[in-house]
Amino acid sequence: MSKVVVFDHPLIQHKLSIMRDKNTGVKEFRELLEEIAMLMVYEVTRDLETCEVDVETPICTAKCHRLAGHKLAVVPILRAGLGMVDGVLNMVPAAKVGHIGLYRDPETLKPVEYYCKLPADSTEREILVVDPMLATGGSASAAIQFIKNRGCNRIRLINLIAAPEGVERMQKDHPDVDIYIAALDDHLNEHGYIVPGLGDAGDRLFGTK
Numbered sequence: 432m433s434k435v436v437v438f439d440h441p442l443i444q445h446k447l448s449i450m451r452d453k454n455t456g457v458k459e460f461r462e463l464l465e466e467i468a469m470l471m472v473y474e475v476t477r478d479l480e481t482c483e484v485d486v487e488t489p490i491c492t493a494k495c496h497r498l499a500g501h502k503l504a505v506v507p508i509l510r511a512g513l514g515m516v517d518g519v520l521n522m523v524p525a526a527k528v529g530h531i532g533l534y535r536d537p538e539t540l541k542p543v544e545y546y547c548k549l550p551a552d553s554t555e556r557e558i559l560v561v562d563p564m565l566a567t568g569g570s571a572s573a574a575i576q577f578i579k580n581r582g583c584n585r586i587r588l589i590n591l592i593a594a595p596e597g598v599e600r601m602q603k604d605h606p607d608v609d610i611y612i613a614a615l616d617d618h619l620n621e622h623g624y625i626v627p628g629l630g631d632a633g634d635r636l637f638g639t640k
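If you want my numbering, it's the 1-based position in the sequence shown plus 431.
Written as structure tokens, this is what we have:
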């Protein structure tokens with residue numbers, strides 16, 4: 432069973448509370464999403480491998496540590512996942528970026544794919560799939576399956592807010608993919624929205640509603 436990590440850092444929770452507010456505007460919402468993504472990826476990457484290197488300081492030679500092993504790629508689920516990419520890249524500038532385009536059918540709530548483009552060397556990288564909301568889990572599960580179908584097997588999922596239903600779906604479909612979230616909310620309503628949630632993250636991010 433995959434692990435579920437909920438970040439309770441005060442800065443993350445403070446910023447998330449402002450994002451939940453229905454009166455928060457597009458500019459501030461966008462900035463907060465990027466900031467929270469940056470704070471989250473700082474913790475998500477805590478266990479990355481390092482190797483010892485010699486560095487010549489102005490004083491002497493020092494034993495230091497640099498990242499080793501697999502490199503990273505960040506893959507946003509379009510469109511709302513785009514709002515988290517810059518936050519990840521602020522922390523890991525060398526990460527490559529892929530894209531997966533999915534939309535949720537308003538009637539069936541099932542994901543429909545319309546685009547998938549990954550870095551050429553994605554099988555050699557650890558993949559961070561990002562999307563602000565993990566609601567039914569259908570989109571995230573489908574996106575991760577698309578990535579696995581292309582030979583990738585080191586995958587982590589990063590969400591801002593998750594519903595228990597989405598977490599359960601992910602753990603059932605992909606027990607090898609760990610989930611990192613800023614908040615685990617109560618439930619989904621009859622329209623498939625997370626309660627209390629923050630509304631439609633994509634609409635609030637891009638000002639389309």
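Cβ coordinates follow ideal geometry from the N, Cα and C atoms, glycine included.
All values derive from a computational prediction rather than experimental measurement.
Check, Outcome
"Kindly identify the DSSP beta-bridge partner or partners of D376.", "Past the boundaries of the shown model lies residue 376; the chain is included only from 432 to 640, so the question cannot be answered."
"Can you round the beta-carbon distance between Y611 and M469 to whole angstroms, since I take them to be within the 8 Å contact cut?", "Contact doesn't hold; Cβ gap of about 13 Å is too wide."
"Counting only C-beta atoms, is K548 closer than 8 Å to chain E at any point?", "In the displayed structure, chain E is absent; only one protein chain is listed."
"Run through the DSSP bridge pairs and tell me what Q611 is partnered with.", "Here residue 611 is Tyr; the residue named in the question, Gln, does not match the sequence. Paired residue(s): V436 and I589."
"Rounded to whole angstroms, what's the CA-CA distance from V543 to V505? Just pull it up for me.", "21 Å"
"Going straight from the alpha carbon of A594 to that of C547, what length do you get?", "25 Å"
"Run the CB neighbour count on T567, radius 10 Å, all protein chains shown included, and call it buried at 16 or more, exposed below.", "buried"
"I need the DSSP call for G514, collapsed to helix, strand or coil.", "helix"
"Looking only at C-alpha atoms, which of A573, I578 and G514 sits nearest to F637?", "G514"
"Tell me whether N590 is buried or exposed, calling it buried when 16 or more other Cβ atoms sit within 10 Å of its Cβ.", "buried"
"Assess contact between the stretch 607-625 and the stretch 580-590, defined as three or more Cβ pairs (one per stretch) separated by less than 8 Å. Is contact present?", "yes"
"Could you tell me which residues DSSP pairs with L509 in its beta bridges?", "G532"
"Considering only C-alpha positions, which residue in the set G633, V561 and V475 is nearest to V436?", "V475"
"Examine the Cβ distances between the stretch 451-463 and the stretch 491-508 and report whether three or more of them are shorter than 8 Å.", "no"
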